[in-house]
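Asker: First the structure, which I've put down as structure tokens, then a few questions once you've had a look.
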Amino acid sequence: MIQKADLLDSKALRNAIEKLLSDKSYQKAAHRIRDLLAKRPFTPEDKLVKTVELAAEFGDLAELKVAG
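Laid out in structure tokens, this is it:
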């Protein structure tokens, strides 16, 4: 995580970008979100079926919970 003030520091910014590109956890999270979005439900009937399938496949869907 890079702080806003560190954006002016080219070395800190470079390190943050390199971490994003090399850390496999970011790629894994991006693929998970991609898969979640690709399978999100649309019609009421599809929504029920696909939501159950989504929950069965991915378990806890923290990415889809609204903060508040």
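Residues in the sequence shown are numbered from 339 upward in steps of one, following my numbering. C-beta: ideal position from N, C-alpha, C; glycine also.
#1: The alpha helix (DSSP H) that contains P379, what's its start and end?
#2: Using alpha carbons as the reference points, say which of L346, A376 and V390 lies closest to P382.
#3: I'd like the list of long-range same chain contacts for L345, defined as Cβ closer than 7 angstroms, with 5 residues on each side in sequence excluded.
#4: I need the DSSP call for A350, collapsed to helix, strand or coil.
#5: So, at 7 angstroms on beta carbons, what are the nonlocal neighbours of A354 in its own chain, with the 5 sequence-adjacent residues on each side left out?
Answerer: According to the structure shown:
#1: Going by DSSP, P379 is part of no alpha helix (DSSP H) at all; its letter is neither H nor E.
#2: V390
#3: L351
#4: helix
#5: I340
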